[in-house]
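Engineer: Next up is a structure, given as structure tokens.
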Amino acid sequence: MDTKENGENINAVSKAGNLSAGNNSHNLANHTCEGCGRSDLAEQERRRLRALEVVAQLSVIGALLCFIGVGVTYWVGGQNQFLGGFLAAGLALLGIGVIVIGKYFMPQGPFVEQRHEISSTVQQKQLFEEALVERGGSAFKRRKFLGVLMGASATMFGITFAFPWIRSLGPLPGKTLFQTWWRPGSRVVTVHGRPVKVDDLEVGGILTVFPEGHAGSSMSQTILIRAASLPITTRKGRETWSPHGYLGFSKICTHAGCPVGLYEEQSQQLLCPCHQSIFDVLDGAVPVFGPAPRPLPQLPLGVDEEGYLRARSDFLEPVGPGFWERTTA
Amino acid sequence: MNSTGYTNGKLAGSVDWMDQRLGLARIGRKIMDKIFPDHWSFMLGEIALYSFIVLVITGVFLTLYYVPSSQQIIYHGSYLPLRGRRVSEAYASTVNLSLNVRGGLLMRQMHHWAADVFTAAIVIHLCRIFFTGAFRRPRELNWIVGIILLILAISNGFTGYSLPDDLISGTGLRIMFSIILSIPVIGTYLGFFIFGGNFPGKLIIPRLYIIHVFIIPIIIAGLLGMHLGLLIYHKHTQFSGKGRREQNVVGSPLWPTFVAKTTGLFLMTFAFIAALGAFIQINPIWQFGPYQPYKISYAVQPDWYMGWLDGAMRIMPSWEWTGFGHTWPLEVFIPAVALPGLTFTLLFAWPFLEAHFGKDKAEHHLLDRPRDKPLRTAIGAGALSFYVVLFGASATDVLANFFQTSLNLVLWSFRITVVIVPIAIAFLTYKICKELTETPYSGQRKRAVVMVRSPQGGYNAYRADPHPDTKAGQVAEPVPIEPESTQA
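Protein chains in written order, with the numbering used here: chain A, 1 to 329; chain B, 1001 to 1488.
Take a look at the structure:
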């Protein structure tokens, strides 16, 4: 059996080998070329293959030089463009060499291979079923109770072993998303912790501020805008929130949470650069454009006797994008 | 021939040792005889495979320098504009490996470009499989493996993009946190468990790191093995043509022709990525600056494979809904969770949907020409155009600036085109397919008409022989490597 197979295969090799040259000339002979004889064609073909061989040789020599170039470039400091340029050129030239060999100096066929049947025969299916059900399943068939017990304990293992994989990953949300570090009387400070005084900003100026002691806090970030020199009522009930024209809004976009960082003084609008939501500052930062669904919450501000800006309270609603529990607070 | 059976002395020594332990000669010959059809579109998957190899090679280098930590430190490195700034260790180490490690920038840029090429090659490969019907029985399982690979490639692209902790990737993570929050019922808990607390926290960078360098690559490698294993087991599909039938495969043998060609393709892919890494700057994080939750940059776009999601988020109306005592952030959930969910569900289901509604559950090894399946081609083209429009919508601000027009106009143009364009494209594609199938000889190389003047002065016209490159006209009958051997 083995020897027979081997014999057939060896036979096939020589067939495949012979075919390479035969096929190439065959392709060429297909061109209808009146007036030129068969020997000219063979000569042409020889010349073509010789030229291709030279191309392959030159590319591989070029590749070798480029790889040396990679080494030299690395040695003298590894300048990015030269290092990568030599690497790319070397690889490409080597690739050309390999492709020329593969395309012109190797058997091109077309060769054929027969497919095999994918589905099993009826008999194979029966043998499979026998082994699976009769041989394997019968042990459990007669011991149903044991099977149920094993299933139950394996399920319990799956459930309890998953506990740390889920619950230990992080703390429960609790009230985290409902509050920030702003407290009644919190002094307004810059990111460097410097308290902001009432004459620090010109009209039209903006500043990112935080509650004192929490400079840089992600949740408490607030954009401070001096929209005028006199108090501005953005909404009913907010008459006292903007001393000397200072307005404070949560800087977290109510859409996807990006910092709402762009302020256009002329139109009194805040723009979120992520998805282009636009908020109308004088109207209580209500979204006038884009996907943001809610106004930016406004921070009630006040001024103490020394002239420092202070929060009157935390934001009156959760800051940032929407989440499931938001309205149940 | 000696006692081992080999005529070549070298083989007798090394290969025979392996043969006595593995039966190498028998298996080896079978593998070397495997036939690969010669068609350019079959190289797309190979490009994806080779990009993955480049990703692994360059990625391992990056892990030798990258520090997965959100710990804030003061930057004292060589890049002067950052000196004295508070940055995370992750950011500082990425800047350091880019600017101070010899060859580091090339490795990093090649890694990033390779990820973009990897996902692009997968998507184009997917299109080839879809439009030629290569997903049909028996290859549905391999189609599913392929879609999982696409999802993993995109996921690993995103996690890798987030690792440097620069201003742009940090903003991307913030958006991802908001997207998770938007999921009804479990969103808040899910977000807190994944990020280890409220955003930004200190745990997400090390978690993304282990996911990016270990978990997902291991799964990708395993599934790639499965993808290729199934491909070998099922054998390749092929386009129909002379001598090509459902029962055979026609093309080049693995050894040596295909090995040479595919090695060439590997080198070319590698070279292409190296050239991109050398000459086209990508993600210069030292210019973006370190991530701070209160800072933001303007006109930023994610990597290309996330663009469709970003675009969908931009053009989605602000439909937050409050009901049953809860907030339903549909303006985020629909474009960023439901849309990709639906997209990948439909992709998974497509082979089964088509088999069911097309009433075709037969085995297929010959590929369709897209025009011969007008409905499938129309749906595919329409769907593709939908994602292309969404991708375009991720640049609303850039387009508004470029055309000196209002954001409002750009936004509404996209809201309208995202509905109209897919319908129009699908309709047109259907019509073109129908037209092509009904036109005789369309798509075939024209044969020259030769005019001959006879000695008597008369003129005769006749059609020349088919061009030798015309596949259908190839006279060479396929020659079997293996004579019709009936193996049990």
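A virtual CB, placed ideally from N, CA and C, is assigned to each residue, including glycine.
Does the separation of the CB atoms of B:A1120 and A:L91 fall below 7 Å?
Structural biologist: The sequence position of residue 1120 of chain B within the second sequence is 120, counting from 1. The sequence position of residue 91 of chain A within the first sequence is 91, counting from 1. Taking 7 Å as the Cβ cut-off, B:A1120 and A:L91 do not qualify as a contacting pair.
Engineer: Pop quiz: A:R235 and A:G284 are said to be a contact at Cβ under 8 Å. What is the actual Cβ separation, rounded to whole angstroms?
Structural biologist: What you label residue 235 of chain A is simply residue 235 of the first sequence in a count that begins at 1. What you label residue 284 of chain A is simply residue 284 of the first sequence in a count that begins at 1. Yes, A:R235 and A:G284 are in contact; Cβ-Cβ is about 5 Å, under 8 Å.
Engineer: Looking at the unbroken alpha helix (DSSP H) that takes in B:Y1066, where does it start and where does it end?
Structural biologist: Here residue 1066 of chain B corresponds to residue number 66 of the second sequence, with the count starting at 1. Unbroken run through B:Y1066: none, as it is neither H nor E.
Engineer: Quick one: what does DSSP say A:F323 is sitting in, helix, strand or coil?
Structural biologist: As a first step, residue 323 of chain A must be located in the first sequence, where it is residue number 323. Coil at A:F323, not helix or strand.
Engineer: So the candidates are B:A1260, B:S1169, B:N1008, B:I1027; which of them puts its Cα closest to the Cα of A:I385?
Structural biologist: Absent from the model: residue 385 of chain A. The displayed extent of chain A is 1 to 329, so no value can be given.
Engineer: If you follow the beta strand (DSSP E) that B:Y1459 is part of, which residue opens it and which one closes it?
Structural biologist: In the second sequence, residue 1459 of chain B corresponds to position 459, counting from 1. Note, B:Y1459: beta strand (DSSP E), 1459–1463.
Engineer: What's the C-alpha gap between B:H1364 and B:F1344?
Structural biologist: Reading the second sequence from its first residue, position 364 is the one you call residue 1364 of chain B. Reading the second sequence from its first residue, position 344 is the one you call residue 1344 of chain B. Going from the Cα of B:H1364 to the Cα of B:F1344 covers about 24 Å.
Engineer: Would you check if the distance between the CB atom of B:G1251 and the CB atom of B:F1036 is smaller than 7 Å?
Structural biologist: Counting from 1 along the second sequence, the entry for residue 1251 of chain B is found at position 251. Counting from 1 along the second sequence, the entry for residue 1036 of chain B is found at position 36. Yes, the Cβ-Cβ distance between B:G1251 and B:F1036 is below 7 Å.
Engineer: I need the boundaries of the alpha helix (DSSP H) containing B:D1116, first residue and last residue.
Structural biologist: Taking the second sequence and counting its residues from 1, the one referred to as residue 1116 of chain B is at position 116. Segment 1104–1131, the alpha helix (DSSP H) holding B:D1116.
Engineer: Is the stretch 1379–1399 of chain B touching the stretch 1409–1417 of chain B, taking contact as three or more C-beta pairs under 8 Å?
Structural biologist: Judged by Cβ distances under 8 Å, the stretch 1379–1399 of chain B makes contact with the stretch 1409–1417 of chain B, as three or more pairs qualify.
Engineer: Taking C-beta pairs closer than 7 Å, name the residues in chain B that A:Q81 reaches, listed in chain order.
Structural biologist: For the purposes of this step, residue 81 of chain A is taken as the residue at position 81 of the first sequence. In chain order: A1278, F1279.
Engineer: Taking a Cβ distance cut-off of 9 Å, strictly less, list which residues of the stretch 125–152 of chain A are near chain B, in chain order.
Structural biologist: Hits within the stretch: zero.
Engineer: If contacts are defined as beta-carbon pairs under 8 Å, then B:V1123 and B:H1227 qualify, I think. What distance do you get, rounded to the angstrom?
Structural biologist: Residue numbering aside, residue 1123 of chain B sits at position 123 when the second sequence is read from its first letter. Residue numbering aside, residue 1227 of chain B sits at position 227 when the second sequence is read from its first letter. B:V1123 to B:H1227, Cβ: 15 Å. No contact.
Engineer: Is A:R50 close to chain B? Criterion is C-beta to C-beta, closer than 7 Å.
Structural biologist: Position 50 of the first sequence, counted from the start, is the residue given in the question as residue 50 of chain A. So, not an interface residue.
Engineer: Excluding the five sequence neighbours on either side, which residues of its own chain have a C-beta within less than 6 Å of the C-beta of A:L271, listed in chain order?
Structural biologist: In the first sequence, counting from the first residue as 1, residue 271 of chain A sits at position 271. Excluding sequence neighbours, A:L271 sits near L262, I278.
Engineer: Would the stretch 1156–1163 of chain B and the stretch 138–152 of chain A be scored as touching if the rule is three or more Cβ pairs under 8 Å?
Structural biologist: Counting Cβ pairs under 8 Å, fewer than three are found: no touch.
Engineer: Is it buried or exposed for B:T969, if we count other Cβ within 10 angstroms and need 16 for buried?
Structural biologist: No answer is possible for residue 969 of chain B: the residues shown for chain B start at 1001 and end at 1488.
Engineer: Which word fits B:H1212, buried or exposed, when buried means at least 16 other C-beta atoms lie within 10 angstroms of its C-beta?
Structural biologist: For the purposes of this step, residue 1212 of chain B is identified with residue 212 of the second sequence, where counting begins at 1. Looking at its Cβ environment, which holds 16 or more other Cβ atoms inside 10 Å, B:H1212 is buried.
Engineer: From this set, B:P1329, B:W1304, B:Q1071, which residue's C-alpha is nearest B:M1316's C-alpha?
Structural biologist: Counting from one through the second sequence, the residue named residue 1316 of chain B turns up at place 316. B:M1316 has its Cα closest to that of B:P1329, out of B:P1329, B:W1304, B:Q1071.
Engineer: I'd like to know if A:L201 contacts chain B, where contact means its C-beta is closer than 7 Å to some C-beta of that chain.
Structural biologist: As a position in the first sequence, residue 201 of chain A is number 201, starting the count at 1. Not closer than 7 Å to any Cβ of chain B, the Cβ of A:L201 fails to qualify, so no.
Engineer: How do the stretch 1305–1320 of chain B and the stretch 1095–1105 of chain B stand: do at least 3 beta-carbon pairs fall below 8 Å, yes or no?
Structural biologist: In short, these stretches do not touch, since the Cβ pair count stays below three.
Engineer: Considering only residues of the stretch 164–222 of chain A, which uninterrupted alpha helix (DSSP H) runs meet the minimum length of 4 residues and lie entirely inside it, listed in chain order?
Structural biologist: If we require 4 residues or more, the stretch 164–222 of chain A turns out to have no alpha helix (DSSP H) run fully inside it.
Engineer: Nearest CA to the CA of A:V196: which residue from A:I223, A:E113, A:T327?
Structural biologist: Position 196 of the first sequence, counted from the first residue, corresponds to residue 196 of chain A. Closest by alpha carbon: A:I223.
Engineer: Just checking: is the beta-carbon of B:I1210 within a distance shorter than 7 Å of some beta-carbon in chain A?
Structural biologist: The residue you call residue 1210 of chain B lines up with position 210 of the second sequence. By this cut-off, B:I1210 is not an interface position.
Engineer: Per DSSP, what kind of secondary structure is B:N1198 in: helix, strand or coil?
Structural biologist: Counting from 1 along the second sequence, the entry for residue 1198 of chain B is found at position 198. B:N1198 falls in the coil class under three-state DSSP.
Engineer: On the three-state DSSP scale, how would you describe A:A12?
Structural biologist: As a first step, residue 12 of chain A must be located in the first sequence, where it is residue number 12. Low confidence applies here, because A:A12 scores a pLDDT of 36, under 50, leaving its location unreliable; read the following figure in that light. Correct three-state label for A:A12: helix.
Engineer: Along the chain, where does the beta strand (DSSP E) that runs through B:N1248 open and close?
Structural biologist: Along the second sequence, read from residue 1 onward, the residue named residue 1248 of chain B stands at position 248. Element bounds for B:N1248: 1248–1253.
Engineer: Mind listing the chain B neighbours of A:R294? Cutoff is C-beta to C-beta under 8 Å, in chain order.
Structural biologist: Counting from one through the first sequence, the residue named residue 294 of chain A turns up at place 294. The answer, in chain order, is E1320.
Engineer: Could one say the Cβ of B:M1306 lies closer than 7 Å to chain A's Cβ atoms, at least one of them?
Structural biologist: Working through the second sequence from its first residue, we reach residue 1306 of chain B at position 306. Judged by the 7 Å Cβ criterion, B:M1306 is not in contact with chain A.
Engineer: What residue range does the alpha helix (DSSP H) around B:T1327 cover?
Structural biologist: Position 327 of the second sequence, counted from the start, is the residue given in the question as residue 1327 of chain B. Here B:T1327 belongs to no alpha helix (DSSP H); instead the beta strand (DSSP E) covers 1326–1328.
Engineer: Output the residue ranges of the alpha helix (DSSP H) runs that lie fully inside the stretch 1369–1418 of chain B and measure 4 residues or longer, sorted by chain position.
Structural biologist: Fully enclosed alpha helix (DSSP H) runs of 4 or longer: 1374–1393, 1396–1402.
Engineer: Between which two residues does the alpha helix (DSSP H) holding B:M1018 run?
Structural biologist: As a working note, residue 1018 of chain B is residue 18 in the second sequence. Per DSSP, B:M1018 belongs to the alpha helix (DSSP H) from 1009–1022.
Engineer: Taking 6 Å as the limit between beta carbons, can you name the residues of its chain near B:L1190, skipping five residues before and five after?
Structural biologist: Within the second sequence, numbered from 1, the residue matching residue 1190 of chain B stands at position 190. The residues are I1180.
Engineer: Shorter than 7 Å from the beta carbon of A:W324 to some beta carbon of chain B?
Structural biologist: Numbered from its first residue, the first sequence carries residue 324 of chain A at position 324. So, interface residue.
Engineer: Determine, using beta carbons only, whether B:F1135 and B:W1143 come nearer to each other than 7 Å.
Structural biologist: Mapped onto the second sequence, residue 1135 of chain B falls at position 135. Mapped onto the second sequence, residue 1143 of chain B falls at position 143. Yes, the pair counts as a contact, with Cβ atoms nearer than the cut-off.
Engineer: Which residue's Cα is closest to the Cα of A:L312: A:A154, A:G71, A:P211, A:P171?
Structural biologist: Sequence index remark: in the first sequence, residue 312 of chain A carries index 312 (1-based). Reading off the sequence shown, one finds Arg at residue 312 of chain A, where the question assumed Leu. Ranking A:A154, A:G71, A:P211, A:P171 by Cα distance to A:R312 puts A:P211 first.
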